[in-house]
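Protein chains in written order, with this note's numbering: chain A, 1 to 133; chain B, 134 to 325.
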C-alpha cells in the first residue's frame, strides 16, 4: 500500500530552490556572523580595558608593597642563611607569606588571566567584524 | 559536492573552515525549500522561511550533537520556522482529524489496504493533481505526508522531527492517507 503512495508522490513536480537563494542564505549568515562578531568585540573591549588597567594597578601596587614590606629581606636570607631557613622553614614560610602584598598580587594575576583569555576572542571577533571580504 | 558527512562538515565549520557551512547549505537547500513551499503552500514566502531556517540552524550549530542526524535536525528547524510563519499569517495549522487514542475515530476503523481512489490513481501520472490535493489538506496532515514521501524519512525520523512517539506517527500517517483519499474523492471532479 505504502509503495503505491510512494509511486504517487514520486510524480510530484520537483520544486527547486530559486536561483540565488543559496547565495542569499550565505550572505545572510555572513551578516549575522559579522553582527555577532561586532557584539563580541563590544563585549570584550571593556573586559580588555579593565583587565589591562587591573594589570597596571596590580603591578605598581605589588612593586610598591614588596619594596615596603620585608619581603626582599626574607628572600635574601634564603641565600645568606640557608641552614637557619631549613631548620625554621615553617615560621619562615609564614613570615614570607605575611610580607607578600596578597591583594595586589591577586588583582595582578586575575587581571592577567582575564586579559590573556579574552584577547584571542577579541582579536578573532575583530577580524570577523571588520572584514568586508 | 563534498563527500564528507553532514556531521563532519559541521565539525569542520566549528573548527574554522567557513566553506563547510556553504557545502551544507548547498546540500540541503532544495529539499528544505521544497518541503517548506509545500507545507506553507506559498512559494513567494518560501525563500524567506528557508533563509530563516538556515540562519536558525547556523545560530544553533553549537547545540548540534555529534552523531545526531543533521537531516532530521534541519527539518525540525524548517518545520518550526514554517509553523511560525503560518501562525503569523493566522493559518492555524491544526488538523481537523480525530484526536490521538480516540476509539471512535473513524480512521481507526478503515483498513490500510483500501485501494487508492480511482480518481487519484487515474490522475496520479500528472503530479499536479496530487500537488493540488495537498494544498487542500490541513498543514499537519500535509506535514506527515511530505516528510515521509517527499523527504524520504522513516516514521522514527518523523517522530524526532515532530517530537512525537513512533506509534503516534504511525497513527497520524494512517489518518493522513485517509484524509488524502477523502480529499481526492471529494475534489477529483474539479481537476478532470
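The beta carbon of each residue, even a glycine, is placed where N, CA and C say it ideally should be.
| task | State the Cα-Cα distance for the pair residue 160/B and residue 4/A, rounded to the nearest angstrom. | result | As a working mapping, residue 160/B is identified with position 27 in the second chain. As a working mapping, residue 4/A is identified with position 4 in the first chain. Rounded to whole angstroms, residue 160/B to residue 4/A spans 28 Å at the Cα level.
Legend entry - Exposed unless 16 or more other CB atoms sit within 10 angstroms - verdict on residue 176/B: Your numbering for residue 176/B matches position 43 in the second chain. Exposed, because fewer than 16 other Cβ atoms sit within 10 Å of the Cβ of residue 176/B.
* Min CB distance residue 170/B to chain A below 7 Å -> Within the second chain, numbered from 1, the residue matching residue 170/B stands at position 37. It does; some Cβ of chain A falls within 7 Å.
What residues from chain B crowd round residue 13/A, counting only those whose CB sits closer than 8 Å?
Position 13 of the first chain, counting from 1, holds the residue named residue 13/A. Ordered by position in chain B, the residues that pass the 8 Å Cβ test against residue 13/A are 260, 261, 264.
Open item on the list: Quick check on the burial criterion: 16 or more other C-beta atoms within 10 angstroms. Buried or exposed for residue 233/B?
Closed with: As a first step, residue 233/B must be located in the second chain, where it is residue number 100. Per-residue confidence for residue 233/B stands at a pLDDT of 43, beneath the threshold of 50, marking its modelled position as unreliable; no derived number is given.
Query - Identity of the residue in 173/B, 137/B, 151/B, 281/B nearest residue 223/B by Cα - result: Position 90 of the second chain holds residue 223/B. Of the candidates 173/B, 137/B, 151/B, 281/B, the one whose C-alpha sits nearest the C-alpha of residue 223/B is 173/B.
Contacting positions in the segment 188-205 of chain B - beta carbon closer than 8 Å to chain A: 188, 191, 192
Who are the neighbours of residue 21/A on chain E, taking C-beta pairs under 7 Å?
Protein chains A and B are contained in the structure displayed, whereas chain E is not.
- Cβ neighbours of residue 111/A in the same chain (closer than 7 Å, five flanking residues each side left out): If you number the first chain from 1, residue 111/A lands on position 111. Only 51, 54, 55, 58 meet the Cβ criterion.
Item checked: Counted within 10 angstroms of its Cβ, other Cβ atoms place residue 91/A as buried (16 or more) or exposed -> What you label residue 91/A is simply residue 91 of the first chain in a count that begins at 1. Counting Cβ neighbours within 10 Å, residue 91/A comes out exposed, since fewer than 16 surround it.
Would you check if there are 3 or more beta carbon pairs closer than 8 Å linking the segment 177-194 of chain B to the segment 213-220 of chain B? yes
Item to complete: Note down the Cα distance separating residue 158/B from residue 100/A, rounded to an integer number of angstroms.
Response: Within the second chain, numbered from 1, the residue matching residue 158/B stands at position 25. Within the first chain, numbered from 1, the residue matching residue 100/A stands at position 100. Answer to the nearest angstrom: the Cα atoms are 58 Å apart.
Quiz item: Exposed or buried, residue 295/B, counting other C-beta atoms within 10 Å across all chains shown (16 or more means buried)?
Solution: For the purposes of this step, residue 295/B is taken as the residue at position 162 of the second chain. Residue 295/B comes out buried.
| Applying a beta-carbon distance threshold of less than 7 Å, which residues of chain A neighbour residue 282/B? | Translated into positions along the second chain, residue 282/B becomes position 149. Residues of chain A passing the Cβ test: 5, 6, 9.
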